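Using full-length UniProt numbering, you'd call the opening residue of the sequence shown number 1 and step up by one each time.
Notes to accompany the following structure.
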Amino acid sequence: MSRRPGRISLTAALSSTPAAAGRRRPAVAAARSWRMALQHMVERGGTIALPSPLPRPSLEAQLEAAIRTPPVARLTRRALLVLGLTLLPLGGWATMTTIEQAVLGNGQMIPEGKRKTVTLLEPGILRRLLVKEGSLVEAGQPLVQLDVTQAEALADQARAAVWSGRARIARLRAEQADQRALDFPVELRQAAAADPAIDVFLKAEQAFFAARWSNYDSQVAVGEKQIIQFREQAAGARAQREGAEQQVRSTRDQIAGLARLLAQGFASRFTVLELQRQEASFTAVAGASAAQEKQYQQAMLQGEQQLTTLRFTRLSDIANDLQTTEAAVASAVQQLRAAQDVLTRRELLAPEAGRVTNIQMFTPGSSIAGGQPILDLVPAADRLVVEGQVLPSDIEQVAVGQKANLRLTAYRMRELPVLSGRVTLVAPDITTQQSGNQYYTIRAELEPDALQHFPEVKLFAGMPVEIYVLGEKRTPISYFWTPIRHAARRAFRD
1 MSRRPGRISL
11 TAALSSTPAA
21 AGRRRPAVAA
31 ARSWRMALQH
41 MVERGGTIAL
51 PSPLPRPSLE
61 AQLEAAIRTP
71 PVARLTRRAL
81 LVLGLTLLPL
91 GGWATMTTIE
101 QAVLGNGQMI
111 PEGKRKTVTL
121 LEPGILRRLL
131 VKEGSLVEAG
141 QPLVQLDVTQ
151 AEALADQARA
161 AVWSGRARIA
171 RLRAEQADQR
181 ALDFPVELRQ
191 AAAADPAIDV
201 FLKAEQAFFA
211 ARWSNYDSQV
221 AVGEKQIIQF
231 REQAAGARAQ
241 REGAEQQVRS
251 TRDQIAGLAR
261 LLAQGFASRF
271 TVLELQRQEA
281 SFTAVAGASA
291 AQEKQYQQAM
301 LQGEQQLTTL
311 RFTRLSDIAN
321 DLQTTEAAVA
331 SAVQQLRAAQ
341 DVLTRRELLA
351 PEAGRVTNIQ
361 MFTPGSSIAG
371 GQPILDLVPA
381 ADRLVVEGQV
391 LPSDIEQVAV
401 GQKANLRLTA
411 YRMRELPVLS
421 GRVTLVAPDI
431 TTQQSGNQYY
441 TIRAELEPDA
451 LQHFPEVKLF
461 AGMPVEIYVL
471 GEKRTPISYF
481 WTPIRHAARR
491 AFRD
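See the structure below:
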């Protein structure tokens, strides 16, 4: 086939570019398809026309024009370009951006001082309930009226025991001081003038005082009379003894004189014997009188001892009665104070301003045990704080002073405010519920300016809150890489 200037055989052109074909290996199939189509055209026409050689394009340009880039390569380049443009910003964001870690907990708004539970110190009977559920009360406002009939009876009984005991103490002290006149203290006289019942106690003690002295005086008089009798009898026995002893001495003198005369023959022996008999009789009388004298003296000493014992017993009884009475009066005073305290609390008053809730006693006449809760009072003046619960696995990431975001879930999601706060309390020990669930109690307070940007937000006790305790800052790539690193570390350790 003849060649014209500016024309080249397509077969020769395609076969003379092995280097170009080697650079386009991914498009071999497409090139072969084009070659077969062009060869078919050449066989029908013989040659194909090329552009004018002025300026004549290079062989590479001709080949580029003859064999265009296949669509697959172009899509691959575009895909790689898009992937690179996507991963590069994403990688920069993942390595340079920091995300703050947070521990999630659920809680509610509570008063800082918590709700107050109103109870009774001692058992009582409900007379009337003066408030309703949700009522707002002021400090000192009556909440409950109690039936104080029993307390009034106890107070009257204790009051009577106190005044009667004081009157008895005054009488015993006067007896202890051996006073013959009972003069009650001014306090007792004034109380007796104001209360006839107390005057009855004083008159009774006055009469008892006189009766006790009369009884004691009579016992002393009997004892003293017996002592006098024994003393007189002892004196008589002494005189008799002394007379008998005198007779013995006189008789002995007579016997001595007659004995000399009898020796000279001037006296009768019968007379001497008679005098000796009289001497023995007088000696016996003197001995008997001496024995009687000692008996009377012993009886007199016993009588005096009995009087001493009587006085000691009296003083001992007075001291014991005084001690017992003083103890009884002290106990009665305490009972009176307790009864008066119950009477002063016949109306249970609100300890502070707040809202009434959780009323447990409604029926008049109901018996209320000591310490039994009657109702709760949510303080109105206390600042509201958030009390929440966190899992034990997260407690290591929570500490006092950490910042926290507080989300009030009671508001609609679109208007859900997030308030800034700070952790103020972390429970030192875990809490276990009856269901077996365990948690740690934390408490957070709002920042002073937390509500400035949310004037429409109103806080109430019991409002549910989601707590996000903010922790350390981490990059997104660390969230992806840290689990892999930990897994690899555990794998190498195993």
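We treat Cβ as the ideally placed atom computed from N, Cα and C, and that holds for glycine.
Here the structure is a predicted model, which means the values were calculated and not measured.
query	result
Completely contained alpha helix (DSSP H) runs for the stretch 128 to 183, where each covers 4 or more residues	149 to 176
Range of the contiguous alpha helix (DSSP H) that encloses R189	186 to 194
Proximity below 8 Å, CB of G365 to CB of L126	yes
Beta strand (DSSP E) runs contained entirely in the stretch 288 to 376, provided each spans 3 or more residues	347 to 349, 354 to 357
Whether A244 touches F282 by CB criterion (8 Å)	yes
Beta-carbon proximity check, Q219 vs L310, cutoff 8 Å	yes
Distance, Q306 Cα to A155 Cα	46 Å
Reduced DSSP category for P111 - H, G, I as helix; E, B as strand; rest coil	strand
Neighbour-count burial assignment, I430, 16 or more Cβ in a 10 Å radius	exposed
Of the listed residues I442, N437, L377, nearest to E396 (C-alpha basis)	I442
Between the CA atoms of E187 and S214 - distance to the nearest angstrom	27 Å
V386 beta carbon less than 8 Å from that of Q402	no
A461 and L343 closer than 8 Å at C-beta	no
Proximity to D312 [Cα-Cα], best of R238, L446, Y216	In the sequence under discussion, the amino acid at residue 312 is Phe, which differs from the Asp named in the question. Of the candidates R238, L446, Y216, the one whose C-alpha sits nearest the C-alpha of F312 is Y216.
Residue interval of the beta strand (DSSP E) (run including Q389)	384 to 390
Neighbourhood of G105 by C-beta distance below 6 Å, restricted to the same chain and skipping five residues each side	G388, Q389, V390, I467
Inter-residue spacing [alpha-carbon to alpha-carbon] between I169 and E326	7 Å
C-alpha gap between A177 and N320, whole angstroms	15 Å
Helix, strand or coil at S281 [DSSP, three-state]	helix
The stretch 138 to 156 in contact with the stretch 293 to 307 per 3-pair CB rule at 8 Å	no
Nearest residue (CA-CA) to P123, options P373, A280, G84, V200	P373
Cα-Cα separation, F209 to D199	15 Å
C-alpha distance - P379 paired with T324, whole-angstrom precision	49 Å
Where Y439 sits in the DSSP three-state scheme	strand
Cut-off 6 Å between Cβ atoms - residues of its own chain near G107, not counting five sequence neighbours on either side	V386, E387, G388, V465, I467
Residue span of the beta strand (DSSP E) that contains K403, given as start and end	403 to 408
Coarse secondary structure for Y216, derived from DSSP in three states	helix
Own chain partners of T119 with C-beta closer than 7 Å, once the 5 adjacent residues on each side are dropped	G371, Q372, P373, I374
Separation of A204 from V222, as counted between CA atoms	27 Å
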